[in-house]
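Take a look at the structure below.
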Amino acid sequence: MSGCKPAQQKQSADPYTEKTWWKEAVVYQVYPRSFKDSDGDGVGDLKGITESLDYIKSLGIDAVWLNPIYTSPNDDNGYDISDYRNILREFGTMEDFDILLKGLHARGIKLIMDLVVNHSSDEHEWFKQSRSSRTSPYRNYYHWWNAEKGKPAYRWSFFDVNGEAWKYDSLTNAWYLHYFSQKQPDLNWENPQLRKEIHDIMRFWLDKG
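Letter 179 of the sequence shown, counting from 1, is numbered 166 in my numbering, and no numbers are missing.
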C-alpha cells in the first residue's frame, strides 16, 4: 500500500472504465525470501531487492507487489503476522525498507505492500492477550465461542486437514475461529477498536510515502 497516491478526481460517464493507475499498471510480484540474498545467509532480503532495482526498472513495470515482510513465525510464509510494525529479521531492518522505498520512488515505481488483515499470527500480542482471559480487553479482537454454549456450528477451513475452522482452546474453555491455519486466528472486524488498530497500522506504512 505504501507509495500509493489518491487518484485525481475526474468527470467520467462510466467510472468503471476510467483508466486509473492501479487498473492499467504492470505489476511485478517480489517474494523476498527467494528473490536475492545480499549477505550469503541463504535467505533473500530487502537489500537484495534494492540491489536489483535497476533490473526491475528495466522490465518496464509500474509497481512492485511485495509479499509480506513483517515479523512472523512463518507458519504460512509470512501471512501469519506477529508484529505489523516491524520487519522480519531475516529480511533486514526498517532502515533497509526505507532505502528500498526511496529507491523505488526514485525510479518512478510504486510499492504495493501485502498487508494481511483477515487474521494475525497466534503469536501476535493481541491474540496472546485475547486468549488469556474472557474479560481481556483484547478478547473481542478475535471470534470466540464459549464451550458452555455447545460446539459451534461447522465452519469450513482452507487449511485444517479435517476442514474445521474452529479450534478448541482449553485456557478459557472456548473455541476460536480460523479460516486459514490454526496458527492464524481470524480478526473480528465487527470490533471498532480492532478496526482503529488496523487503520493506525495502515497509516503507519502510508506515512512512509
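Don't be surprised by glycine CBs; every beta carbon is placed ideally from N, CA and C. Since the structure is predicted, the reported quantities are computational estimates derived from the model, not experimental observations.
Paired residues, beta bridge with residue i - DSSP
| i | result |
| --- | --- |
| Glu151 | Trp143 |
| Tyr166 | Note: Tyr166 sits in no beta bridge, so no partner. |
| Thr58 | Asp70 |
| Asp173 | His106 |
| Asp16 | Per the sequence presented here, residue 16 reads as Gln, with Asp not at that position. Note: Gln16 sits in a beta bridge opposite Trp52. |
| Trp132 | Trp162 |
| Asp41 | In the DSSP output, where bridge partners are listed per residue, Asp41 has none listed. |
| Asp156 | Ala161 |
Boundaries (first-last residue) of the alpha helix (DSSP H) holding residue i
| i | result |
| --- | --- |
| Leu98 | Counting along the chain, Leu98 falls outside any alpha helix (DSSP H), though it belongs to the beta strand (DSSP E) covering Lys97 to Met100. |
| Asp187 | Pro179 to Leu193 |
| Glu77 | No alpha helix (DSSP H) holds Glu77; DSSP gives it neither H nor E. |
Inter-residue CB distance, residue i and residue j (contact presumed, cutoff 8 Å)
| i | j | result |
| --- | --- | --- |
| Ile68 | Tyr57 | 5 Å |
Extent of the continuous beta strand (DSSP E) to which residue i belongs
| i | result |
| --- | --- |
| Ala93 | Segment Met81 to Ala93 is the alpha helix (DSSP H) holding Ala93; no beta strand (DSSP E) there. |
Given residue i as reference, the closest of the options once Cα atoms are compared
| i | options | result |
| --- | --- | --- |
| Trp176 | Ala140, Glu184 and Ser157 | Glu184 |
| Ser21 | Lys195, Phe78, Asn133 and Thr159 | Phe78 |
| Ser25 | Asp83, Ser59, Tyr66 and Tyr15 | Asp83 |
| Pro19 | Trp113, Trp8 and Leu33 | Leu33 |
| Asn178 | Phe145, Ile86, Gln116 and Tyr125 | Tyr125 |
| Lys195 | Tyr71, Asp85, Thr159 and Asn149 | Asp85 |
Any chain D beta carbon closer than 8 Å to residue i
| i | result |
| --- | --- |
| Ser144 | Given the protein chain composition of this structure (a single chain), no chain D is represented. |
Quiz item: When the Cβ atoms of the segment 31 to 46 are set against those of the segment 153 to 168, are three or more pairs found closer than 8 Å?
Solution: no
Quiz item: On the three-pair Cβ rule with 8 Å, is the segment 125 to 139 touching the segment 98 to 105?
Solution: no
Practice problem: Answer yes if the segment 116 to 131 comes into contact with the segment 82 to 102, meaning at least three C-beta pairs across the two stretches below 8 Å, and no otherwise. | Solution: no
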